[in-house]
Structures are given as C-alpha cells and as structure tokens.
Amino acid sequence: MWLLTALLLWVPAGAQTDPAKAVITLQPPWVNVFQEENVNLWCEGPHLPGNTSTQWFLNGTAIQTLTPRHRIAAASVNDNGEYRCQTGFSVPSDPVQLEVHRDWLLLQVSSRVITEGEPLTLRCHGWNNKLVYNVLFYQNGKVLKYFIQNSEFTILKTNLSHNGIYHCSGMGKQRFESAGVPITVKELFPAPVLKASLSSPILEGQLVNLSCETKLLLERPGLRLYFSFYMGSKTLLSRNTSSEYQILTAEREDSGLYWCEATTEDGNVIKRSPELELQVLGLQIQTPVWFHVLFYLAVGMLFLVDTIFHVIIYKELPRKKKWNLEISLDSGHEKRVNSYPSKERYLEEP
Ligand SMILES: *[C@@H]1O[C@H](CO)[C@@H](O)[C@H](O)[C@H]1NC(C)=O
Ligand SMILES: *[C@@H]1O[C@H](CO)[C@@H](O)[C@H](O)[C@H]1NC(C)=O
Ligand SMILES: *[C@@H]1O[C@H](CO)[C@@H](O)[C@H](O)[C@H]1NC(C)=O
Ligand SMILES: *[C@@H]1O[C@H](CO)[C@@H](O)[C@H](O)[C@H]1NC(C)=O
Ligand SMILES: *[C@@H]1O[C@H](CO)[C@@H](O)[C@H](O)[C@H]1NC(C)=O
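This is the structure in structure tokens:
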C-alpha cells in the first residue's frame with residue numbers, strides 16, 4: 001500500500017516539476033510520524049558524471065548523509081524540521097517538513113501543501129501501531145469518511161474543496177481524537193471565462209473569435225493547458241493547445257450556449273467556463289431583397305400605368321371637346337355654321 005501511495009505521489013510530482021529540481025519522496029509516505037518510528041527520505045535528481053553523491057539539508061544546514069537515501073531510525077524530536085536535498089546537477093528540492101509527535105492518535109498525511117489535481121493520502125494511526133476501530137475522518141469538524149478498522153484513504157484528485165483542517169477519531173481502549181492537521185490545496189489555474197470578439201446578437205456572415213481565458217497561478221516548467229470548446233453538447237474543438245476558436249462565418253444555426261474547458265495534460269485538473277449565449281441574426285437585407293425589388297417594381301408599374309392614363313387623357317380630351325362643340329352646333333347656332341371650331345375659339349367661347 002505504501003509503495004502504491006509512493007508511486008501515486010511520485011508520478012504527478014515528477015511529471016509537473018522542473019526536471020532539474022531534485023525531489024524528495026518519503027517511505028512510508030507520511031510527513032508526520034510518531035517517535036521511535038522509521039522514516040526513509042529518498043532524493044531523486046540528475047547527477048554529474050562521476051559524482052553520485054547527494055547533499056541533504058535539515059533546516060538549511062548540510063547534514064552528513066551523502067547517499068540518495070537519508071534514513072531516520074527511531075525518530076526523535078531532533079529529527080523535526082525542514083528537509084531538502086540536492087544532487088550534483090540539480091537545484092535544491094522543495095522542502096519536506098517532517099514532524100515527530102507523541103500522542104495516542106495521529107492523523108498522518110502524505111503532504112500538507114499540495115497543488116490541486118495531486119493526490120492526498122490520510123491515515124489514522126494509533127500509537128505503537130495499536131489497533132483502532134470505528135475510525136472517523138473529519139474535515140473542518142465534519143465527518144468525511146468512516147472505517148470500521150484502522151485505515152487510510154486517498155483522495156486521488158484533490159481540488160480546492162479539500163482545503164481545511166483534518167483530524168480523526170477512533171476507538172481503542174476508549175475513544176481517542178487526533179490533533180488537527182491543516183491541509184492547503186493550491187489553485188493551479190482559475191476556471192476559464194469564455195469571451196467572444198463580438199457581442200451578441202451577431203449578424204450572419206461575421207467572423208467571431210472565441211477565447212477561453214484563464215491563467216496559470218503557479219510556476220510549473222513544461223506545464224501546458226489544453227482547451228476544448230463546446231456548443232451545448234456538441235464538441236467544437238477538443239484538447240487543443242490554442243485557447244482560441246474561430247467561427248469563420250456565423251450562421252443562424254451557430255446560435256446557442258457556448259462553453260469551454262481548460263485542462264492539464266494529464267487531465268487531473270479540468271475546469272469549465274460558465275456558459276456564454278450567442279445569438280446569430282439573419283442579415284436585414286437578405287429577406288427584403290426580393291421584397292424591395294417587388295415593391296419598387298409594383299410602384300414602378302403603378303407609375304407607368306398612371307402615366308399611360310395621363311397621356312391617353314390628354315390625347316382624348318381635345319377630341320371630346322370637339323364632339324361637345326359639334327353637338328352644340330347641331331343644336332342650332334346658325335351663326336357659326338361655316339366656321340369649323342378650333343380649340344382656341346372654343347376656349348374663347350363663353
Ligand atoms: C528545525 O526547525 C524547526 C522549526 O522550524 C525546529 O522545531 C527544529 O527543532 C529544528 N531542527 C533542528 C534539528 O534544528
Ligand atoms: C559531488 O556533488 C556534491 C553535490 O551534490 C558536492 O557537494 C561535492 O563536492 C561533489 N564532489 C565532487 C568530488 O565533485
Ligand atoms: C472536488 O472533488 C470532489 C471529489 O473528491 C467532488 O465531489 C467535487 O465536486 C469536486 N469539486 C469541484 C469544485 O470540482
Ligand atoms: C480573430 O483572430 C484572428 C487570429 O487569431 C485575428 O487575426 C483577427 O483579427 C481576430 N478578429 C477579431 C474580430 O478579433
Ligand atoms: C489545434 O487546432 C488547430 C486549428 O484549429 C489545428 O490546426 C491543430 O492541428 C490542432 N492541434 C491539435 C493538437 O489538435
């Protein structure tokens with residue numbers, strides 16, 4: 001179990017840290033132990049050719065050990081402190097704070113400060129390996145887990161909700177309660193926010209850039225984030241190193257709820273953005289084009305018909321007036337019998 005735990009702890013640490021930085025691994029994996037217990041600290045890091053020695057430091061002071069393993073047999077309060085190691089070709093490791101306790105019950109933890117996505121292992125440990133049963137693990141005073149017998153458990157992928165003070169209780173000859181151990185989970189990057197280059201509503205045919213915005217809060221050489229873009233349940237772009245996605249020519253079918261996801265390469269930390277609603281409108285001109293054409297055509301036709309009528313009326317009017325005159329002549333105006341009535345004449349007539 002310890003070996004498995006050690007492996008679990010080793011992989012993310014090795015994968016996400018600077019390869020030139022030495023790494024300390026504990027065996028058994030606990031950073032807090034009882035007096036008289038054994039602890040092995042292992043140092044891994046690149047060596048110089050011909051020099052395999054490892055330098056160990058306790059509270060910043062070099063100690064005697066020059067091997068990759070620093071063995072603490074029967075721990076005492078003198079072994080309390082901050083351990084670091086360094087190999088010939090590495091920078092000093094991150095510190096490991098080892099605490100040596102004297103108590104009935106000890107909540108052992110694999111690490112006190114972790115980065116989200118990394119595992120955390122807890123163990124409720126009785127003094128002198130005494131059997132403890134009806135074990136309860138608590139986080140911030142609330143029961144987290146129950147075991148009939150002395151046990152340990154691992155949170156494989158921690159997140160910010162795992163921050164807090166942990167303790168355990170269990171039955172021996174009587175009910176014992178451990179001291180609290182504060183655990184800090186550091187945020188690697190905040191949940192992304194999806195942003196669009198244009199604000200909704202968007203007109204059909206426009207180019208829209210979507211960007212999935214977040215930023216790494218911790219320095220991790222070689223750490224890259226991968227981005228996925230979704231519309232509803234549809235995947236638009238999956239696990240790309242680019243935090244941008246382009247809708248080249250927006251169409252009305254592109255309307256919907258968009259969201260994105262940022263993740264580490266190993267997928268241990270996955271965070272999704274809130275949804276962003278995009279609405280794509282059909283172009284104002286598109287439907288009315290034929291409508292406008294028809295409208296102007298109809299107006300034009302009306303005008304044409306109107307003009308034709310006018311022309312006809314103007315041509316017809318004088319002839320009609322001639323008829324009127326002829327009719328009036330017939331009705332017995334002797335005077336004008338021989339004079340053919342012209343338009344002008346007619347107008348002068350009363
Ligand atoms: C190392 O420092 C801690 C306090 O940070 C102290 O309790 C401990 O005794 C020191 N260890 C040694 C060996 O000096
Ligand atoms: C080997 O490397 C260590 C650092 O890890 C250094 O302290 C030591 O002086 C080196 N020894 C030789 C012989 O170069
Ligand atoms: C954190 O992890 C727990 C499982 O260990 C899960 O139930 C919870 O939803 C996670 N919280 C967030 C914010 O991802
Ligand atoms: C969209 O992104 C491309 C390439 O990233 C860029 O050339 C273009 O100017 C962007 N357009 C808008 C409207 O932001
Ligand atoms: C990321 O997306 C771009 C264009 O969207 C594509 O050319 C590239 O191959 C993608 N990369 C991966 C790793 O999928």
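Per UniProt numbering: the sequence shown = residues 1 to 350.
Note that CB positions come from ideal geometry on N, CA and C, so glycine has one too.
Exercise for the section: Have a look at the DSSP bridge pairing and note the partners of Trp56. Expected result: Cys85
Practice task
Starting from Lys234, follow its DSSP beta bridges and name the residues at the other end.
Solution key: Met231
Problem - C-alpha gap between Leu225 and Asn134, whole angstroms - result: 42 angstroms
Exercise for the section: For Leu325, name the three-state secondary structure that DSSP assigns. Expected result: Confidence at Leu325 is low in this model, with a pLDDT of 47, below 50, so its placement is unreliable and no value can be given for it.
Practice task
Jot down the residue ranges of each uninterrupted alpha helix (DSSP H) in the region 80–136, minimum 4 residues, whole runs only, in chain order.
Solution key: none
Exercise for the section: Taking 5 angstroms as the limit, tell me which residues put their C-beta closer than that to any heavy atom of ligand 4, in chain order. Expected result: Ser197 and Asn209
Practice task
Would you check if there are 3 or more beta carbon pairs closer than 8 angstroms linking the region 177–185 to the region 159–168?
Solution key: yes
Exercise for the section: For Ala196, name the three-state secondary structure that DSSP assigns. Expected result: strand
Exercise for the section: Could you check what DSSP says for His70 in three-state terms: helix, strand or coil? Expected result: strand
Exercise for the section: Check Phe303 in the structure and name its three-state DSSP category. Expected result: helix
Exercise for the section: Please report the Cβ distance between Val113 and Lys186, rounded to the nearest whole angstrom; I am assuming they are in contact, meaning their Cβ atoms lie under 8 angstroms. Expected result: 7 angstroms
Exercise for the section: Please state if the CB of Val100 and the CB of Val132 are separated by a distance shorter than 7 angstroms. Expected result: no
Problem - Burial state of Lys215 (16 or more Cβ within 10 Å) - result: exposed
Problem - Close Cβ partners of His70 (< 6 angstroms) along its chain, the five nearest in sequence each way excluded - result: Leu41 and Trp56
Practice task
May I ask whether a heavy atom of ligand 1 can be found less than 6 angstroms away from the beta carbon of Gly60?
Solution key: no
Practice task
Would you check if there are 3 or more beta carbon pairs closer than 8 angstroms linking the region 24–31 to the region 60–67?
Solution key: no
Problem - Residues passing the C-beta test against ligand 3 heavy atoms, cut-off 6 angstroms - result: Ile155, Asn159 and Ser161
Exercise for the section: Tell whether a beta-carbon distance below 7 angstroms holds between Leu194 and Ser243. Expected result: no
Exercise for the section: Evaluate the contact criterion for the region 268–282 versus the region 201–210: three or more CB pairs, one atom per stretch, below 8 angstroms. Expected result: yes
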